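Residue numbers (our numbering): 17 to 266.
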């Protein structure tokens, strides 16, 4: 028996990277997993196939979370496919991609997070959990300077975290808890790659400063743990980057 048997989880932005690894871990613990993608259907289908080959249950759902249609379609699909919605992992984020509209980072990292949560909550029973995935660079952005190239994205993600935290009393009324997982820069992520491209040597410099950077797989394991961890709603789980705590009062 897995810890998540008979549960259904949505993992946003899970066609690759951290989200894909979290989806695989949750499926391995018995959850039926909705693998969400925006454009890369083949990647999402590959994640689903891997889960199914390992004996798990999963479905790929394309949805643009910056639209009302997208968030409601994603929430509804969990119910249609698996009959429940017990876990929501808010992993999708962005803002450093080229060619995006002005204000896109805030639209995705704040507004879409809140809209996705609001679409899911009416379907989630008492005891459900929401996990929001962020970075130290965003979580501590008001007290610890980050790279100029990343600052607009960091501030939009912090705005998203703040907006979600404001909903904790509403979630508590429904018996739903919210946990935040904040990680240092993660090796091999799209964001890290884009940062290193715009600021060559940034990853190496951060690795030297921190002593260690988590891999995608290592960080995903920490995110997945928070789905069932015995912690209070509003808890922040810090992963790596211990030097941050000497720089801030938080």
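Don't be surprised by glycine CBs; every beta carbon is placed ideally from N, CA and C. Quick caveat, the model's predicted, so the values are computed rather than measured.
Around the Cβ of residue 213, are there at least 16 other Cβ atoms within 10 angstroms (buried) or fewer (exposed)?
With fewer than 16 Cβ atoms within 10 Å of its Cβ, residue 213 is classed as exposed.
Considering only their Cβ atoms, is the gap separating residue 124 from residue 150 smaller than 8 Å?
The beta carbons of residue 150 and residue 124 sit no closer together than 8 Å.
Give me the Cα-Cα distance between residue 235 and residue 34, rounded to the nearest whole angstrom.
In a straight line, the C-alpha of residue 235 is about 7 Å away from that of residue 34.
Considering only residues of the same chain and omitting the five flanking positions on each side of residue 110, which have a CB-CB separation below 6 Å?
Result list for residue 110: 124, in chain order.
Roughly how many angstroms lie between the CA atoms of residue 195 and residue 132, to the nearest whole one?
Roughly 15 Å separates the two Cα atoms.
Going by DSSP in three states, residue 45 sits in which element: helix, strand or coil?
Under the three-state reduction of DSSP, residue 45 is assigned to coil, being neither helix nor strand.
Among the residues of its own chain, which have a CB less than 8 Å from the CB of residue 228, if the five just before and after it don't count?
Excluding positions up to five away in sequence, the list reads 256.
For residue 186, count neighbouring C-beta atoms within 10 Å of its own C-beta (all shown protein chains included) and say buried if the count is 16 or more, exposed if not.
Exposed is the call here.
Return the chain-ordered ranges of every beta strand (DSSP E) run that is complete within the region 70-146 and spans a minimum of 3 residues.
For the beta strand (DSSP E) assignment, the uninterrupted runs of no fewer than 3 residues enclosed by the region 70-146 are, from N- to C-terminal side, 73-78, 103-106.
If we ignore side chains and look at the alpha-carbon of each, how far apart do residue 18 and residue 159 end up?
The C-alpha of residue 18 lies about 40 Å from the C-alpha of residue 159.
Please report the Cβ distance between residue 239 and residue 147, rounded to the nearest whole angstrom; I am assuming they are in contact, meaning their Cβ atoms lie under 8 Å.
With a contact defined as Cβ atoms closer than 8 Å, residue 239 and residue 147 qualify at about 6 Å.
Can you check which of these residues, 63, 80, 53, 94, is closest to residue 24 by C-alpha distance?
Answer by Cα proximity: 94.
Assuming residue 104 and residue 136 form a contact by the criterion Cβ under 8 Å, report the distance between their Cβ atoms to the nearest whole angstrom.
The pair is a contact, with the Cβ atoms about 5 Å apart (cut-off 8 Å).
Locate the beta strand (DSSP E) running through residue 198, then write down its first and last residues.
Taken as a continuous stretch (DSSP letters only), the beta strand (DSSP E) holding residue 198 covers 193-199.
With a Cβ-Cβ cutoff of 8 Å, do residue 230 and residue 152 count as a contact?
No, the Cβ-Cβ distance between residue 230 and residue 152 is not below 8 Å.
Would you check if there are 3 or more beta carbon pairs closer than 8 Å linking the region 64-77 to the region 38-55?
Contact annotation: the region 64-77 touches the region 38-55, with at least three C-beta pairs closer than 8 Å.
Let me know if residue 209 comes out buried or exposed under the rule of 16 or more other beta-carbons within 10 Å of its beta-carbon.
By the 10 Å Cβ count, residue 209 comes out exposed.
Buried or exposed for residue 177, going by 16 or more other Cβ atoms inside 10 Å?
By the neighbour-count rule (16 or more Cβ atoms within 10 Å), residue 177 is buried.
Runs of alpha helix (DSSP H) wholly within the region 161-189 (minimum 4 residues, chain order):
If we require 4 residues or more, the alpha helix (DSSP H) runs fully inside the region 161-189 come out as 167-181, 184-189.
Put residue 255 into one of helix, strand or coil per three-state DSSP.
Residue 255: strand per DSSP, three-state reduction.
Would you check whether the ligand ADP has a heavy atom nearer than 7 Å to the C-beta of residue 81?
For the structure depicted, the ligand ADP is absent and the ligand set is empty, with no information on it obtainable.
Answer yes or no: do residue 91 and residue 106 have a C-beta to C-beta separation smaller than 8 Å?
Not a contact, by the Cβ cut-off of 8 Å.
To which residues of the same chain is residue 31 closer than 7 Å at the C-beta, ignoring the five residues directly before and after it?
Taken in chain order, the residues that qualify are 51, 53, 56, 59, 60, 63.
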